[in-house]
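Read the structure below first, then the notes.
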Amino acid sequence: MRKRKAVTLFSGIFLSLLVLLAGCSGSGENTSGSGDGKTIEFMHLWPEGSSKQHHKIVSEIIEDFENENPGVKVDLEVLSNEQYKDKLKVLSTSNQLPDVGMTWAAGFLEPYVNGEKFATLDDLLEGDLKDSFVSGTAEAYAMNDNTYGLPLELNIATVFYNKAIFDQYGLEAPTTYDEFKNIITTLNENGVAPIALGNKDRWTGSLWYMYMADRIGGGDVLTSAIDRSGSFEDPALVTAAEEIQNLVDMDAFVRGFNGLSDEEAKSMFMGEQAAMYLMGSWDLPNYTTNEDVPQEFRDSIGYFSFPTVDGNGDLNSHVGGPGVGLFVAEDSDVKEEAKKFVSFFIQQWGEKAVTGAGVIPATKVDADSLDLPDMYIDVLNDLSEASNITLFADVQMSAGVAQVHLDLIQSLFGKGVTPDDFAKEHEDALSKE
Amino acid sequence: MNKVMSNKWIIALYVLPALLLIGILIFIPLILTGYYGLMKWDGIGSMEFIGLQNYVTALQDKKFWDSALHSFLLAVFSTLSLIIYLAISLILASKIKGADLLRKIYLIPMLLSSVAIAQLWVKIYNPSNGMLNSLLMAIGVENPPAWLAEPSLVLYAIFIPILWQYAGFYILIYYAALKNIPESIIEAAKIDGASPIQIAYKIKLPLIMGVVKVTIVLAVVGSLKYFDLIYVMTGGGPNGASEVMASYMYKLAFSTNNFGYGSAIGFLLLIITLIVTLIIRKATATKEEIQY
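For the protein sequence lines, the chains are A and B, in the order given.
Under the working numbering, the first sequence has 336 at position 336, and the numbering climbs by one with no breaks.
Going from the second sequence to the working numbering is simple: count from 1 and add 433.
Below, the structure is given as structure tokens:
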């Protein structure tokens, strides 16, 4: 009997130690490879389940890279968007960033650059990748005259519309704001919700406000308010806010838009319950190549540029910007190889991404030589003719101000704040930085 | 066995593993949170010590107090809803037909994950296609509200699924407590001519008072730190109308990169919860427990 007790006792201690050890292991692992082989740790955010095509292209590029560079191995870790952001933050706090990973531009990048976590990639921009980016894209990853990330995607926001619904009521894609308002009135009279908007996510409403500001005050009024060369109390920015509330008063947006997520709004548009939907060009596959969407619906979708307002504004000026980009960690043990991988990745990505995954790459692609759906060619042409691309406001701003902006957008649409206060609170938040 | 247990070292040895785990996983992070609250820190770069400034800012932050008010409202509603749960349990515990099945039905929401419940109710509340508004329109309501988009309604619209989610849990606790009351006491009361309501109010309720007190603490503390349904259903919006303390803390720390301030809010949340728990314990303390 006594012997059994001793056994229980010791196994108890042993088990608890084991649990403790299991909890602690993994933190002390060496990140570089052993021997002459080198390992690049690479983290991306396109899981096989939700982004199959992206995932496949990345795997192909990695395989090609490993074949071309014997002795170098790429160790992959994949997480979906939100988990990716959280994990990146935790890893950077404990100085364990992967050698290569994905980042977003401007505001997201800022704390990592200030914390000296990312390596500068200017040597790549001057060397291998010289002149390969669409102008304005790599610049969004620059801080203090250095570039810390290289973009993979470029998107502009456009108004998608349902041609079938428009035809039914004798409507045409508008070029002026009066025509646009006329469309809204006509649709409302016929009981069709004009615009699908999921403003629970708030950046969706921000797109509307940004376009309004762009058309009323010109391409740089918002940018200069954010970079402090101008003021957010600029009359154009206040008028833009007023116009947004006018649209709300006209019932331009679906009912309860402030409580709907973007996904819900999209499903209303895709279910032909709403006629228009302002969204980034990352949504193009849904209206062109995505086999899960009925062909008939895909054929009935067109897009137009946000109309001019009272004769002001330039139809070639867009709201948009680069999506994710690649970074190399400052503390990486295999920095040389990591940079080489980034360069290789970006060179391979462009054409593969647009044909394989429907991504509009940030690198220049010769659209004529590729077999692409018409809507892609149109968007690519728009991009090459763009007079200005204003980076998404919440990306331009630092994280703190971006939250203020997004909250105020929701209040503005919900009429919880007056246009003047809307501008003033932005100004306060921006000047406090 | 007695010999083993009388040895203080052995006791310590048995207690130690669990204590270590709790210490590492709960108490050290707690202290660290309070410590981070003293810093100006974006969660990535270097920290800067700023003393109590974050706590002072929090106490003057209108948004924080708004969110605290919302949390307290939730606590009040959760506590009041305990009465309904108690009534349901009293009915279930008396011998009625189908009580077994009903008990299981009440328990089902508890088996669902919060995110699934949130998705379910987001669909129910959908302003144009949702079940609730379709129903309201069918019975002739012209313009049913957009539940999750109205700042004046959203908070209460979210309370309903939260209360629904936990109903099964409290009903189960009350049910078990009521089933523990010896049948002989009830029999005696019946013989003395007590009505069912008198039995419930004068006999059953006092006997399970200890359990009721525990559930009040659970409901209040659970409400004060409540996060998940609100985060999924509205993210605290619109215009911060459904923001609670925990969602505000999360937003500050993870969305605005203001880790120091977020930690300070988190620590304040802990202090507020502790104080409220103490008050409840004091308020419900009785000199003697009623025994069977």
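Glycine included, each C-beta is placed from N, C-alpha and C at the ideal position.
Predicted model only: the values in this text are computed from it and were never measured.
*Counting only the same chain and skipping the five closest in sequence on each side, list residues whose C-beta sits under 7 Å from that of MET1/A.*
Note that MET1/A scores 43 on pLDDT, short of 50, meaning its location in the model is unreliable and no value can be drawn from it.
_Tell me the residue span of the beta strand (DSSP E) that contains GLY321/A._
317-322
*asked:* What are the residues in the stretch 132-146 of chain A lying within 9 Å of chain B by C-beta distance?
replied: none
*Residues sharing a beta bridge with ASN146/A, DSSP*: MET143/A
*ALA275/A in three-state terms, based on DSSP*: strand
_Burial state of THR719/B (16 or more Cβ within 10 Å)_ = exposed
*Test item: CB-CB of ALA252/A and ILE195/A under 7 Å*: Yes, these two residues count as a Cβ contact at 7 Å.
_Three-state secondary structure assigned by DSSP to ILE389/A_ = strand
*Would you call ILE649/B buried or exposed, if buried means 16 or more other Cβ atoms sit within 10 Å of its Cβ?*
buried
*Exposed or buried, LEU21/A, counting other C-beta atoms within 10 Å across all chains shown (16 or more means buried)?*
Low local confidence applies: a pLDDT of 46 at LEU21/A is under 50, so the model's placement there is unreliable, with the coordinate-based value given in what follows. Exposed, because fewer than 16 other Cβ atoms sit within 10 Å of the Cβ of LEU21/A.
*Can you tell me the Cβ-Cβ gap for PRO307/A and THR390/A, rounded? I've got them flagged as a contact below 8 Å.*
Wrong, their Cβ atoms sit about 16 Å apart, outside the cutoff.
*Any 3 or more C-beta pairs closer than 8 Å across the stretch 120-132 of chain A and the stretch 158-174 of chain A*: no
*Flag ALA399/A as yes if its beta-carbon sits less than 7 Å from any beta-carbon of chain B, otherwise no.*
yes
*Can you list the residues of chain A that THR689/B reaches, using a CB-CB cut of under 7 Å?*
ALA399, GLY400, GLN403
*For ILE712/B, which of ALA451/B, LYS646/B, PRO639/B has the nearest alpha-carbon?*
LYS646/B
_Quick check on PRO235/A - is its C-beta less than 7 Å from some C-beta in chain B?_
Answer no: the Cβ-Cβ gap between PRO235/A and chain B never drops below 7 Å.
*Answer yes or no: does any C-beta atom of chain B fall closer than 7 Å to that of ASP428/A?*
no
*Provide the residue(s) that pair with ALA718/B in DSSP beta bridges, ordered along the chain.*
Per DSSP, none; premise fails for ALA718/B.
*When the cut-off is 7 Å and only beta carbons count, does SER92/A lie next to chain B?*
Cβ-Cβ to chain B under 7 Å: yes for SER92/A.
*chain A within 7 Å of ILE444/B, Cβ atoms only*: Chain A contact via Cβ: absent.
_Span of the beta strand (DSSP E), counted from its first residue to its last, around PRO594/B_ = From DSSP, PRO594/B is part of no beta strand (DSSP E) but of the alpha helix (DSSP H) over 587-612.
*Any C-beta of chain A sitting closer than 7 Å to the C-beta of SER680/B?*
no
_I want to see whether chain B comes within less than 7 Å of GLY28/A, judged by CB atoms only; does it?_
At GLY28/A, the pLDDT of 38 sits below 50, so the modelled position is not reliable and the matter cannot be decided from this model.
*Using only alpha-carbon positions, find the residue among GLN598/B, THR512/B, TRP498/B that is nearest to LEU662/B.*
The option with the nearest alpha carbon to LEU662/B is GLN598/B.
*Might you give, ordered along the chain, the residues of its own chain that have their beta carbon closer than 8 Å to the beta carbon of VAL644/B, omitting 5 neighbours on each side?*
If we look at VAL644/B and ignore the five residues flanking it on each side, its Cβ neighbours are ILE606, TYR607, ALA610.
*asked:* For LYS87/A, which residues in the same chain have their Cβ closer than 8 Å to its Cβ, ignoring the five residues on either side in sequence?
replied: Excluding sequence neighbours, LYS87/A sits near MET43, LEU79.
*Cβ-heavy atom distance, TYR303/A to the ligand NAP, below 6 Å*: The ligand NAP is not part of this structure, which contains no ligands at all.
*Can VAL365/A and GLY350/A be called in contact, C-beta distance under 7 Å?*
yes
*Quick one: is MET570/B buried, meaning 16 or more other Cβ sit within 10 Å of its Cβ, or exposed?*
exposed
*Flag PRO111/A as yes if its beta-carbon sits less than 7 Å from any beta-carbon of chain B, otherwise no.*
yes
*Going by Cα to Cα distance, which pick from VAL309/A, MET397/A, GLY416/A is closest to LEU430/A?*
MET397/A
*GLY356/A - containing alpha helix (DSSP H), residue span*: 335-356
_Whole alpha helix (DSSP H) elements within the stretch 192-243 of chain A, 4-residue minimum_ = 203-217, 221-226
*Have a look at ALA213/A and ILE483/B and give me their C-alpha separation to the nearest angstrom.*
39 Å
*Just the chain B side, please: which residues come within less than 8 Å of SER411/A by C-beta, in chain order?*
For a Cβ distance threshold of 8 Å, residue set PRO671, ASN672 of chain B lies close to SER411/A, ordered along the chain.
*Beta-carbon of GLY484/B versus every beta-carbon of chain A: anything under 7 Å?*
When Cβ-Cβ separations below 7 Å define contact, GLY484/B makes no contact with chain A.
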